[in-house]
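Start counting the sequence shown at 7; every next residue gets the next number (the numbering used here). Here's the structure we're looking at; comments come further down.
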Amino acid sequence: MLAGRLNVSTRTFAVEEVEEPHAGPGQVRIAVRAAGVCLSDVHLIQGILKPLHLAGDSVTLGHETAGVIDEVGEGVAGLTVGERVLLQAGELAGGTVLTRGVDYDGGWAQYAVASAVTVVPIPDTLSFEQACFIPDAVSTPWGAITATAGVQAARAVGVWGVGGLGAHAVQLLRMIGAAPIVAVDPLPAARERALQFGADLALDPADPEFAGLVGEATGGTGLAYAFDFAGVAPVRVQAARSLARWGKLILVGLTDQPLVIPDGTRFSYLEQQVRGHYGSGPEQVLELLSLVALKRLEFSRSVSGILPLTEAAEAVRQLDQKEGNPIRLILVP
């Protein structure tokens, strides 16, 4: 079968022929119908992110995957051949969080094998192209908003980085009643998109009036919650400076750069907090599927382009260069 493989030692990526996998005990195999391209995939190829638990040097990328079950392994109950499903973006194994497409083979392939506990049925009304990226692109900001930050309605929120995760964060924050929502991005197209997705204000981080505009939007108090979806050190400094008393800075974007609090005394005096966030739990994906079924959410605007698996490298290039300002590019075998 074809698979998009990354050699993490040489940072060489290619779509190549590999041996077709089969479902073992406690597993199912899916015929992949759609797989999302995430900025984390780009960073893996670039070597900015490195797998922590990968056995060997190579891995099939893709942690956002949906398809149809075509093999059921021994001991699997409740899942049948022909079911439409998505795959959770990772799993807990022996107390260790393993990420699909990072620590083990993912969904940029014609077939993908998954532990049965990571398989989630989806309704016929939800397309594979929209279902595949609910784990991560939507569930990561949802988990950050609801579990890590505990955002309350009618509280001021800032979102730095309105890309694949940040755009969904704006949409989700609007749904739960956060207000005002201040979106921050250097790209004019991203700021315009933020307003379309429900932001009350969209700012360029380089605007010399930035601090005053945030103060004006929040009645002079600052932000109750500030989310970094960019993973950029200057973003974290600016976001921390924008916090209100008891405000929380939530770090979702990944970076290996040091975290800097610009004024430690002020930060402590105002009893502010910094919290890290990574991925999401199975419960967040199930919650989102319930909201989709109840027509509270839909993600057709998030599908920015569909490319064949053989053009995975081109999809990576487009996302890396922000060509067309994509939210999610989708690969189909």
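Glycine included, C-beta positions come from ideal geometry on N, C-alpha and C. All values reported here derive from a predicted model rather than from experimental measurement.
Are the CB atoms of Ala115 and Leu8 nearer to each other than 8 Å?
Here residue 115 refers to the residue found at position 109 of the sequence shown. Here residue 8 refers to the residue found at position 2 of the sequence shown. Cβ atoms of Ala115 and Leu8: closer than 8 Å.
Does Thr261 come out as helix, strand or coil in the three-state DSSP assignment?
In the sequence shown, counting from the first residue as 1, residue 261 sits at position 255. Note: Thr261 maps to coil in three-state DSSP.
So is His283 buried or exposed if we call it buried at 16+ other beta carbons inside 10 Å?
Translated into positions along the sequence shown, residue 283 becomes position 277. When all chains shown are included, His283 counts as buried.
Between which two residues does the alpha helix (DSSP H) containing Tyr275 stretch?
As a position in the sequence shown, residue 275 is number 269, starting the count at 1. Unbroken alpha helix (DSSP H) run through Tyr275: Gly270 to Tyr275.
Can you tell me whether Leu209 is buried or exposed, with buried defined as 16 or more other CB within 10 angstroms of its CB?
Reading the sequence shown from its first residue, position 203 is the one you call residue 209. Result: buried.
For Val176 versus Val168, is the C-beta distance shorter than 8 Å?
On the sequence shown, residue 176 is found 170 positions in, with the first residue counted as 1. On the sequence shown, residue 168 is found 162 positions in, with the first residue counted as 1. Yes, they are a contact pair.
Would you tell me roughly how many angstroms separate the C-alpha atoms of Arg180 and Phe233, rounded to the nearest one?
Position 174 of the sequence shown, counted from the first residue, corresponds to residue 180. Position 227 of the sequence shown, counted from the first residue, corresponds to residue 233. Cα to Cα, Arg180 sits roughly 14 Å from Phe233.
Which first and last residues belong to the alpha helix (DSSP H) in which Pro288 is found?
Start at 1 with the first residue of the sequence shown, and residue 288 comes out as number 282. Here the alpha helix (DSSP H) through Pro288 covers Pro288 to Ala299.
Which residues in the same chain have their Cβ closer than 6 Å to the Cβ of Thr257, if we skip the five residues on either side of it in sequence?
Numbered from 1 along the sequence shown, position 251 holds the residue referred to as residue 257. Looking at the sequence itself, residue 257 is Leu, so the reference to Thr does not match. Cβ within range, chain order: Asp234 and Gly282.
Helix, strand or coil for Gly114 per DSSP?
For this step, residue 114 is matched to residue 108 along the sequence shown. Reading the sequence as shown, one finds Trp at residue 114 and not Gly. It is coil, neither helix nor strand.
With a threshold of 8 Å on Cβ separation, who are the neighbours of Val266 within its own chain once the five nearest residues in sequence on each side are excluded?
On the sequence shown, residue 266 is found 260 positions in, with the first residue counted as 1. Taken in chain order, the residues that qualify are Ala239, Arg242 and Val243.
Own chain residues within Cβ distance below 8 Å of Glu198, not counting five before or after:
For this step, residue 198 is matched to residue 192 along the sequence shown. Cβ within range, chain order: Ala208.
Where Ile187 falls, given that 16 or more other Cβ within 10 Å makes a residue buried
Taking the sequence shown and counting its residues from 1, one reaches residue 187 at position 181. Burial call: buried.
Please tell me whether Ala200 and Ala173 are closer than 8 Å, where the distance is taken between their beta carbons.
On the sequence shown, position 194 is the one that residue 200 refers to. On the sequence shown, position 167 is the one that residue 173 refers to. Cβ distance < 8 Å, so Ala200 and Ala173 count as in contact.
Contact set for Gly4: own chain, Cβ-Cβ below 8 Å, skip 5 residues either direction:
Nothing about residue 4 can be reported from this structure: the residues present for the chain run from 7 to 339 only.
I believe Gln136 touches Phe305 by the beta-carbon criterion, under 8 Å. Please report the beta-carbon distance rounded to the nearest angstrom.
Sequence index remark: in the sequence shown, residue 136 carries index 130 (1-based). Sequence index remark: in the sequence shown, residue 305 carries index 299 (1-based). Right, their Cβ atoms sit about 4 Å apart.
Can you grab the Cα-Cα spacing for the pair Leu315 / Pro339, in whole Å?
Position 309 of the sequence shown holds residue 315. Position 333 of the sequence shown holds residue 339. Approximately 5 Å, taken between the alpha carbons.
Residues near Gly183 by beta carbon distance below 7 Å, same chain, minus five either side:
Here residue 183 refers to the residue found at position 177 of the sequence shown. Closer than 7 Å at Cβ, skipping near neighbours: Ala159 and Ala160.
Quick one: residues in its chain with C-beta nearer than 6 Å to the C-beta of Arg106, no 5 flanking neighbours on either side, listed in chain order?
The sequence position of residue 106 within the sequence shown is 100, counting from 1. If we look at Arg106 and ignore the five residues flanking it on each side, its Cβ neighbours are His69, Ala95, Gly96 and Gly112.
When you compare only the Cα positions, how much space is there between Ala153 and Leu292?
On the sequence shown, position 147 is the one that residue 153 refers to. On the sequence shown, position 286 is the one that residue 292 refers to. When rounded, the distance between both Cα atoms is 14 Å.
Residue closest to Ala321, alpha-carbon to alpha-carbon, out of Leu276, Arg307, Ile51 and Leu55
Here residue 321 is taken as the residue at index 315 of the sequence shown, counted from 1. It is Ile51.
Starting from the C-beta of Val43, find all residues in its chain whose C-beta is less than 6 Å away, skip the five residues before and the five after it, and write them out in chain order.
Residue mapping note: residue 43 aligns to position 37 of the sequence shown, counting from 1. Only Ala321, Leu325 and Leu335 meet the Cβ criterion.
Below 8 Å, how does it come out for the segment 75-94 and the segment 45-64: are there three or more Cβ pairs, yes or no?
no
Measuring alpha carbon to alpha carbon, tell me which of Pro141, Gly10, Glu77 and Ala83 ends up nearest Leu295.
Indexing the sequence shown from 1 puts residue 295 at position 289. Of Pro141, Gly10, Glu77 and Ala83, the residue nearest in Cα terms is Pro141.
Looking only at DSSP bridge pairs, what is Phe19 linked to?
Here residue 19 corresponds to residue number 13 of the sequence shown, with the count starting at 1. Answer is Leu12, bridged to Phe19.
Give me the Cα-Cα distance between Ala72 and Gln279, rounded to the nearest whole angstrom.
For the purposes of this step, residue 72 is taken as residue 66 along the sequence shown, with counting starting at 1. For the purposes of this step, residue 279 is taken as residue 273 along the sequence shown, with counting starting at 1. Those two C-alpha atoms are separated by around 36 Å.
Which residue comes first and which comes last in the beta strand (DSSP E) that contains Val280?
Residue mapping note: residue 280 aligns to position 274 of the sequence shown, counting from 1. Gln279 to Gly282 is the span of the beta strand (DSSP E), which, as asked, contains Val280.
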